[in-house]
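Those sequence lines, one after another, are chains A and B.
Following the working numbering, the numbering of the first sequence begins with -9 at its first residue and continues without gaps.
Following the working numbering, the numbering of the second sequence begins with -9 at its first residue and continues without gaps.
The beta carbon of each residue, even a glycine, is placed where N, CA and C say it ideally should be.
Let me begin by presenting the structure, written as structure tokens, before commenting on it.
2 protein chains.
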Amino acid sequence: MTAVPSLPPTGRAKLTDVARLAGVSVGTASKALNGSGSMRPETRQRVLDAVEELDFRPNQQAQSLHTGRSWTVGLMTTDGIGRFSTPVLLGAEDALGAGKISVLLCDTRGDAIREQHHLSNLMGRRVDGIIVTGRRTDPRPPLKGVEPIPTVYALSPSTDPDDISVVSDDRSGAQLAIEHLLATGRTRIAHITGPAHHAAARDRAQHTLELLKQSATELATGRVHFGEWSEAWGRRAAQAVLRTAPETDAFFCGNDQIARGVADALRENGLDVPGQVAIVGYDNWDVMALASRPPLTTIDTDLSEIGRRAALLLLDAIGSKLAPGLHSVPCRLVVREST
Amino acid sequence: MTAVPSLPPTGRAKLTDVARLAGVSVGTASKALNGSGSMRPETRQRVLDAVEELDFRPNQQAQSLHTGRSWTVGLMTTDGIGRFSTPVLLGAEDALGAGKISVLLCDTRGDAIREQHHLSNLMGRRVDGIIVTGRRTDPRPPLKGVEPIPTVYALSPSTDPDDISVVSDDRSGAQLAIEHLLATGRTRIAHITGPAHHAAARDRAQHTLELLKQSATELATGRVHFGEWSEAWGRRAAQAVLRTAPETDAFFCGNDQIARGVADALRENGLDVPGQVAIVGYDNWDVMALASRPPLTTIDTDLSEIGRRAALLLLDAIGSKLAPGLHSVPCRLVVREST
């Protein structure tokens, strides 16, 4: 001990400290710790003694130099608000964190410069793979310069069909809603949704039209009501529907906020939900769906399952088992008092 | 090139590959890359040539072996839902990610076994520090066995006063609300809030009582209405207040959901907000505050600033500049149409 001038604090020793105390090179110390390479037993023992004396902790960084893997995955979200990406992130973290993989969180806030900064940081850290997620279901351009690191896109698919993307199955969502309404005897269904330039609104509307056509039915107002993802739009649109098609007996809404606005407008017009009119929302966002009067029947998009699937596909890709293309996670119908 | 039997794919070369190609030991290759240690210029050049040939990327793991720092910070959240911890996490990520520090995300979901698993993983990765956050403002026991890694508690403070904790200044929040109501001529103020066993409800209620006392005022109903953090509770409690103290001219609510329920109940009782009765919420949760009719005046707890401050205090602590104790982030008043 006295021969060593300055020992680092307990548990903070570096490999170089171990090598110095053992009187060997860093390479030899490293080989001794990893059980690789041939060396005299006394040399190995000297290194192990130094490890104990310095309380040198098994260091995943050092191990990474030998396995070529960092056992880290980058989770990149473009969603500063986080309502949609948070459950995706937590689902992925859950699937990855159970093993020895750690998750590096990067928030790009939709900014291309931040995305590039985070990306080069992740590359420098030699992540084994990257999961990219965002709040929109619209396809997004693939990350640039990320090859050869396996990458999976969650919720917001890549525009490149050769990339691996996990998305919510909007068709199954629309189908569950329409079949449920038809099964409960509704035939004059209105559809109120978000902006037409959002894929989530456009896709759900198109599936709704197709499904109604298959049942020889039409929308109550003859058209889709595109607008905003807000309660205020739900209230306004419901008023408009009641004026032009007073016989409407069901509303299928593009999200739970719109559905909640519709519920308020119907109540304030003296209409009973679900007695006279049924409402189905979308997202199963508990805050909205449960606080609505009445609580909403809605479509659960199972966002955490999207994150989990993305994580498992990424692990496959890291193991060179690539499954390019779109992977759809089916929706679930959650029945509450609005139908 | 032909002398080397198997080159790893571009950009995936390890330090051992560089050393082998340069014909030097791993230790020498490492020293050459870090510019440390003495060696012949030709040797250093051979290593640098190998780096170029193999497209060996600057590897933070390898660098960490020499600096003793991993340039990573653990972000541990106990909040599976994420409404409160997400902005704290993003604020911290923003402050840390601007530099070269990366953020390892761990979600414990309030489970002690998961917390210990993540903790030992973070220790194995030799994080430079840890930020712990949760959804409750109640103090939590400190992480076990985390010494000597600097740790900062955000939003949920540590019960140990020697730890570094960043909290929201509930007193400033109550003060902003009460002073605003008094300044706009309200004198009969009711206080409706969450469960009494939550520090957030208890603390805000106590500050409210003290502040009213200082203004020689009392609560309109003579007591605090503890209940749930929900709209339904806000509606029920507002009905009760209107029955027992019909002269009430303002409601200060423990969160925005309660405030929104109060707004609905008042409207449905034919009372004009803010003409006859004013409402102040708490949290500035945009979804609730903006969708309320009318939109809510509320207290913004600046959660992302709490995350940012926690990150900066952690960076100080990593640099051995410790600032133990409670650090309070003041609230802001956001005035909208409900007052």
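- Of all residues in the region 92 to 111 of chain B, the ones placed with a Cβ closer than 9 angstroms to any Cβ belonging to chain A are 92, 93, 94, 95, 96, 97, 99, 104, 107, 108, 111, in chain order.
- For residue 183(A), no alpha helix (DSSP H) run applies; the uninterrupted beta strand (DSSP E) run containing it begins and ends at 179 to 183, by DSSP.
- Residue 202(B) and residue 284(A) have their C-alpha atoms spaced approximately 37 angstroms apart.
- Contact note: residue 327(A) does not reach chain B at a C-beta cutoff of 8 angstroms; the least C-beta distance is about 13 angstroms.
- Restricting attention to 190(B), 185(B), 141(B), 173(B), the CA atom closest to the CA of residue 161(B) is found in 190(B).
- Residue-level contact by beta carbon fails for residue 189(B) and chain A, as no gap is shorter than 8 angstroms.
- Taking a Cβ-Cβ threshold of 9 angstroms, none of the residues of chain B is close to residue 134(A); the smallest such distance is about 15 angstroms.
- The continuous stretches of alpha helix (DSSP H) do not include residue 186(A), and DSSP gives it neither H nor E.
- Using a Cβ-Cβ cut-off of 8 angstroms, residue 237(A) does not count as an interface residue toward chain B, since no Cβ of chain B sits closer than that to its own.
- Taking C-beta separations shorter than 7 angstroms and ignoring five residues to either side along the sequence, the partners of residue 147(B) in its chain run 129, 155, 157, 316, following chain order.
- Around the beta carbon of residue 245(B), 16 or more other beta carbons lie within 10 angstroms, which makes this residue buried.
- Judged by their CB atoms, residue 8(A) and residue 33(A) are not nearer to each other than the 8 angstroms cut-off.
- Counting only residues of its own chain and dropping the five nearest sequence neighbours on each side, residue 320(A) has a CB closer than 7 angstroms to the CB of 159, 162.
- Counting along the chain, residue 290(A) sits inside no alpha helix (DSSP H); it lies in the beta strand (DSSP E) bounded by residues 288 to 290.
- A Cβ-Cβ separation of about 7 angstroms places residue 235(B) in contact with residue 178(B) under the 8 angstroms criterion.
- Judged by DSSP in its simplified three-state form, residue 94(B) adopts strand.
- Using a Cβ distance threshold of 8 angstroms, residue 124(A) and residue 63(A) do not count as a contacting pair.
- The C-alpha of residue 280(A) is placed about 27 angstroms away from the C-alpha of residue 240(B).
- Residue-level contact by beta carbon holds for residue 16(A) and chain B, with a gap shorter than 8 angstroms.
- Against residue 208(A), chain B offers no close residue; the least beta-carbon distance is about 31 angstroms (beta-carbon pairs closer than 8 angstroms).
- At least one CB of chain B lies nearer than 8 angstroms to the CB of residue 221(A).
- At a cut-off of 8 angstroms between C-beta atoms, residue 240(A) does not count as an interface residue with respect to chain B.
- For residue 296(A), the enclosing alpha helix (DSSP H) stretches over residues 293 to 308.
- With respect to chain A, the C-beta atom of residue 277(B) has a partner C-beta closer than 8 angstroms.
- At a cut-off of 8 angstroms between beta-carbon atoms, residue 265(B) makes no contact with chain A.
- For residue 83(B), the chain A residues whose C-beta falls within less than 9 angstroms of its own C-beta are 95, 96, 97, listed in chain order.
- Residue contact check for residue 65(A) against chain B: a CB pair falls below 8 angstroms.
- A distance below 6 angstroms between beta-carbons, with the five flanking residues on each side excluded, links residue 92(B) to the following residues of its chain, in chain order: 62.
- At least one C-beta of chain A is nearer than 8 angstroms to the C-beta of residue 87(B).
- The beta carbon of residue 74(B) lies closer than 7 angstroms to those of 125, 145, 293 in the same chain, with the five residues before and after it left out.
- Annotation: residue 104(B) to residue 98(B) spans about 5 angstroms, alpha carbon to alpha carbon.
- For residue 168(B), the secondary structure class from DSSP, reduced to helix, strand or coil, is helix.
- Using a Cβ-Cβ cut-off of 9 angstroms, residue 310(A) is close to nothing in chain B; its nearest Cβ partner there is about 11 angstroms away.
- Judged by DSSP in its simplified three-state form, residue 116(B) adopts coil rather than helix or strand.
- Taking 8 angstroms as the cut-off, the Cβ atoms of residue 286(B) and residue 225(B) do not count as close.
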